[in-house]
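Asks: Residue numbers (this note's numbering), protein chains in the order written: chain A, -15 to 222; chain B, -15 to 222.
Every residue, glycine too, gets a C-beta built ideally from N, C-alpha and C.
2 protein chains.
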Amino acid sequence: MDLRQLRIACSSCSLRELCLPAGLEAREMARVDRLVNHRRKLRRGEHLYRAGNPLAVLYAIRSGFMKTCALHDDGREQVAGFHMMGDLLGLDAISSGRHMCDAVALEDSEVCEIPFAYLEQLSRELPSLQHQLHRIMSREIVRDYGVMLLLGTMKAEERLAAFLLNLSQRFAARGYSATEFNLRMTREEIGSYLGLKLETISRAFSRFQQDNLIEVRHKHVRIRDPERLRLLIGQQCP
Amino acid sequence: MDLRQLRIACSSCSLRELCLPAGLEAREMARVDRLVNHRRKLRRGEHLYRAGNPLAVLYAIRSGFMKTCALHDDGREQVAGFHMMGDLLGLDAISSGRHMCDAVALEDSEVCEIPFAYLEQLSRELPSLQHQLHRIMSREIVRDYGVMLLLGTMKAEERLAAFLLNLSQRFAARGYSATEFNLRMTREEIGSYLGLKLETISRAFSRFQQDNLIEVRHKHVRIRDPERLRLLIGQQCP
DNA sequence: TGAATGCTTTGATGTAGGTCAAAAGGGGTG
DNA sequence: CACCCCTTTTGACCTACATCAAAGCATTCA
Chain A
-15 MDLRQLRIAC SSCSLRELCL PAGLEAREMA RVDRLVNHRR KLRRGEHLYR
35 AGNPLAVLYA IRSGFMKTCA LHDDGREQVA GFHMMGDLLG LDAISSGRHM
85 CDAVALEDSE VCEIPFAYLE QLSRELPSLQ HQLHRIMSRE IVRDYGVMLL
135 LGTMKAEERL AAFLLNLSQR FAARGYSATE FNLRMTREEI GSYLGLKLET
185 ISRAFSRFQQ DNLIEVRHKH VRIRDPERLR LLIGQQCP
Chain B
-15 MDLRQLRIAC SSCSLRELCL PAGLEAREMA RVDRLVNHRR KLRRGEHLYR
35 AGNPLAVLYA IRSGFMKTCA LHDDGREQVA GFHMMGDLLG LDAISSGRHM
85 CDAVALEDSE VCEIPFAYLE QLSRELPSLQ HQLHRIMSRE IVRDYGVMLL
135 LGTMKAEERL AAFLLNLSQR FAARGYSATE FNLRMTREEI GSYLGLKLET
185 ISRAFSRFQQ DNLIEVRHKH VRIRDPERLR LLIGQQCP
């Protein structure tokens, strides 16, 4: 095993418990190592894939931060999700063999390429890999239901609160601070994700700051009162 | 093979090309037949499962019409989807082993039960079954992106137009009329799905009727001008 | 270092859709 | 068959968020 191989082994990756091989045993992990042969670096703003591109590989985010955008024929688009280390991208392409959304790096990022055909083959041999893949796809479906709930039933400030708490929780799961982080996306991208305009996002941020729920300064956010933020979500009006 | 077995064989089911075994060869289909041992009948209003129920089986809708509802802790809920013959339900439960939404029959319905553990096992042996399962899960993810786009970027009438065209297209795919059908859900349920109030749905229906796009009488809908309906969706305002 | 550019904030005003209310159908049930 | 209840329609009014506009900051690049 040469150095290059070693460098991209899942078994020695710090994200292995968050990512595709979560829960695999050493012997299984060794086989998954061979699944991932390539990494790809992306500069901020660069597309990982675009709607229409044929599916060849899935991508596991190794570092950085990305967004996926759903698009309508008429040019409208909406941020469908923000993705960070350990997240698996490209699942939308399995149904038709072509990507159905765009994926864009919001900061310099690195992804591991997972050949999909090989993943299917290997997951036939490794039940726990198979199950993990199913869990990841199912988790994405559940996440989507959450976004629908947010877009369909919540008011502006509830949406932003939910968004911040979700980010916070995901950073925490990756060993970063749950209360202090930098936003990688613009107000406009947050707005797109939450079904709101950037001005509304900005105003909601200002209001949260006034109420001492958070401190925001440009991209930097500190959550001062996660409990009240959480409470705010339950407050569907009268 | 006794009569009971025969009765629920996928291989002789008229929905087989829409459902889980789509695209399988005869030999593979025979094995899938053994996957499905039970059917379950539901009366209108009855729950197929509720959030929190443990995952044991997935459900393929054999006949009837169902809704799934995503729910938030605070009691808010939203219709996450409407489902008809050939659709596979329960995928949300794979990630955690428990259902994350409710599924309710909107009319008397029948579903086939597919033991999930056995499905995973069999799909390890039948690559095309495995791939079809992946495609179905991916299709659900893509569908969800479409709903997000709808909820995040469209106006009321665009949403309703998109909803009607989607129903129309799905009925057509099942051999029913694309232009004339009965709605199985209430205005309130349509509203919930589309992130709108029932009054808004009602007004939009009236407006479409005035404009000769459709005829509506209670639950019965006839689409008179699908083309203009389609055009209406592209019309994001100035 | 300074100019250019792209974000963000904040204010003033407009409007799509929500809310409240009432009446009219329809369908199921005894 | 008649009653009741649930759904739907329609009108009048209200509000949360969008839109328009302008100024203030950062970051980048020359």
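1) With a Cβ-Cβ cutoff of 9 Å, do Gly70 (chain A) and Leu39 (chain A) count as a contact?
2) Show which residues of chain A have a CB atom less than 7 Å away from the CB atom of Gln62 (chain B).
3) Can you tell me which residues form a DSSP beta bridge with His22 (chain A)?
4) Please classify Glu211 (chain B) as buried or exposed, where buried requires at least 16 neighbouring CB atoms within 10 angstroms.
5) At the level of alpha carbons, what is the spacing between Leu2 (chain A) and Val20 (chain B)?
6) Looking only at its chain, what residues have a beta carbon closer than 8 Å to the beta carbon of Cys85 (chain A), apart from the 5 residues adjacent to it on each side?
7) Report the residue from A:Asn37, A:Glu97, A:Ile45, A:Glu109 whose alpha carbon sits nearest the alpha carbon of Ser79 (chain A).
8) Beta-carbon of Arg123 (chain B) versus every beta-carbon of chain A: anything under 9 Å?
9) Taking contact to mean 3 or more Cβ pairs, one atom from each stretch, closer than 8 Å, check whether the stretch 131 to 145 of chain A and the stretch 86 to 105 of chain B are in contact.
10) Could you give the distance in angstroms between the alpha-carbon of Val299 (chain B) and the alpha-carbon of Ile174 (chain B)?
11) Hey, Met68 (chain A) and Phe147 (chain A): beta-carbon distance below 9 Å or not?
12) Strictly under 9 Å for the Cβ-Cβ distance: is His56 (chain B) near chain A by that measure?
13) Should Asp76 (chain A) be flagged as near chain B, meaning a C-beta pair shorter than 9 Å?
14) Helix, strand or coil: how does DSSP classify Leu216 (chain A) here?
15) Evaluate Ser(-4) (chain A) with the Cβ neighbour count: other Cβ atoms within 10 Å of its Cβ, from every protein chain shown; 16 or more gives buried, anything less gives exposed.
16) Using the Cβ count rule (16 or more neighbours within 10 Å means buried), how would you classify Leu48 (chain A)?
17) For a contact defined as C-beta to C-beta under 9 Å, what are the partners of Pro111 (chain B) on chain A?
18) For the putative contact between Ala89 (chain B) and Leu72 (chain B), defined by C-beta atoms under 8 Å, what is the C-beta separation to the nearest angstrom?
19) Can you pull the chain B neighbours of Ser79 (chain A), defined as C-beta to C-beta under 7 Å?
20) Check each residue of the stretch 137 to 166 of chain B: if its Cβ is closer than 7 Å to any Cβ of chain A, include it; give the result in chain order.
21) Enumerate in chain order the residues of its own chain whose CB-to-CB distance from Ala(-7) (chain B) is below 7 Å, with the five nearest sequence positions on each side excluded.
22) Rounded to a whole number of angstroms, what is the C-alpha to C-alpha distance between Ala10 (chain B) and Arg0 (chain B)?
23) Run the proximity test for Arg0 (chain A): is its beta-carbon closer than 8 Å to any non-hydrogen atom belonging to the ligand ATP?
24) Closer than 8 Å by beta-carbon distance: list the chain B residues that pair up with His115 (chain A), in chain order.
25) Would you kindly work out how many angstroms separate the C-alpha atoms of Met(-15) (chain A) and Leu42 (chain B), rounded to a whole number?
26) Using only the alpha-carbon positions, how far apart do Leu151 (chain B) and Tyr160 (chain B) sit?
27) Kindly list the residues whose CB is nearer than 6 Å to the CB of Asp209 (chain A), restricted to its own chain and excluding five residues on each side of it in sequence; keep chain order.
28) Shorter than 9 Å from the beta carbon of Ile174 (chain A) to some beta carbon of chain B?
29) If I follow the unbroken beta strand (DSSP E) through Tyr43 (chain B), where does it start and stop?
30) With H, G and I counted as helix, E and B as strand and the rest as coil, what does DSSP make of Glu211 (chain A)?
31) Within 10 angstroms of the Cβ of Gly218 (chain B), are there 16 or more other Cβ atoms? Answer buried if so, exposed if not.
32) Can you find a CB in chain B that lies within less than 9 Å of the CB of Gly179 (chain A)?
33) Mapping the DSSP letters down to three states, classify Ile198 (chain A) as helix, strand or coil.
34) State the DSSP-derived secondary structure class of Cys(-6) (chain A), mapped to helix, strand or coil.
35) Taking DSSP as the reference, what is the three-state secondary structure of Glu183 (chain A)?
36) What is the DSSP secondary structure of Leu73 (chain A), reduced to helix, strand or coil?
Replies: To lay it out plainly:
1) Note that the C-beta distance between Gly70 (chain A) and Leu39 (chain A) is not below 9 Å.
2) Within 7 Å Cβ-Cβ: Met132, Leu133, Gly136, Thr137.
3) By DSSP's assignment, His22 (chain A) forms a beta bridge with A:Glu97.
4) Exposed: under 16 other Cβ atoms inside 10 Å.
5) Going from the Cα of Leu2 (chain A) to the Cα of Val20 (chain B) covers about 34 Å.
6) Take Cys85 (chain A), set aside five residues on each side of it, and the residues of its chain with a beta-carbon closer than 8 Å to its own are Ala35, Thr52, Cys53, Ala54, Leu55, Ala64, Asp76, in chain order.
7) Ranked by Cα distance from Ser79 (chain A), the first of A:Asn37, A:Glu97, A:Ile45, A:Glu109 is A:Asn37.
8) Yes - at least one Cβ of chain A is within 9 Å of the one on Arg123 (chain B).
9) With the cut-off at 8 Å, the stretch 131 to 145 of chain A and the stretch 86 to 105 of chain B do not touch.
10) Nothing about residue 299 (chain B) can be read from this structure; chain B reaches only from -15 to 222.
11) Met68 (chain A) places its beta carbon 9 Å or farther from that of Phe147 (chain A).
12) At least one CB atom of chain A sits nearer than 9 Å to the CB of His56 (chain B).
13) So, interface residue.
14) Note: Leu216 (chain A) maps to helix in three-state DSSP.
15) Under this definition Ser(-4) (chain A) is an exposed residue.
16) The sequence as given places Gly at residue 48 (chain A); Leu does not occur at that position. It is buried - the Cβ of Gly48 (chain A) has at least 16 other Cβ atoms within 10 Å.
17) Correct list: Glu104, Gln105, Arg108.
18) 16 Å between Cβ atoms; not a contact.
19) Within chain B, the residues Arg119, Ser122, Arg123, Val126 have their CB atoms less than 7 Å from the CB of Ser79 (chain A), given in chain order.
20) Of all residues in the stretch 137 to 166 of chain B, Thr137 have a Cβ within less than 7 Å of some Cβ in chain A.
21) In the same chain as Ala(-7) (chain B), and ignoring 5 residues on each side of it, the C-beta atoms closer than 7 Å to its own belong to Asp17, in chain order.
22) Taking the CA atoms as reference points, Ala10 (chain B) sits about 11 Å from Arg0 (chain B).
23) As for the ligand ATP, it is missing from this structure, which has no ligand bound.
24) Result: Glu104.
25) In this predicted model, Met(-15) (chain A) has a pLDDT of only 42, less than 50, meaning its place in the structure is not dependable; the value taken from the coordinates is given anyway. Their backbone Cα atoms lie some 42 Å apart in a straight line.
26) Computed Cα separation, rounded: 11 Å.
27) Excluding the 5 residues flanking it on each side, Asp209 (chain A) has same chain C-beta neighbours closer than 6 Å at Leu197, in chain order.
28) Residue contact check for Ile174 (chain A) against chain B: no CB pair falls below 9 Å.
29) Looking at the DSSP string, the run of the beta strand (DSSP E) that includes Tyr43 (chain B) is 41 to 47.
30) Residue state, collapsed to three classes: helix.
31) Per the 10 Å Cβ criterion, exposed.
32) Closer than 9 Å to some Cβ of chain B, the Cβ of Gly179 (chain A) qualifies, so yes.
33) Strand, per DSSP.
34) Judged by DSSP in its simplified three-state form, Cys(-6) (chain A) adopts helix.
35) In this structure, Glu183 (chain A) counts as helix in the three-state DSSP scheme.
36) If DSSP states are grouped into helix, strand and coil, Leu73 (chain A) belongs with the strands.
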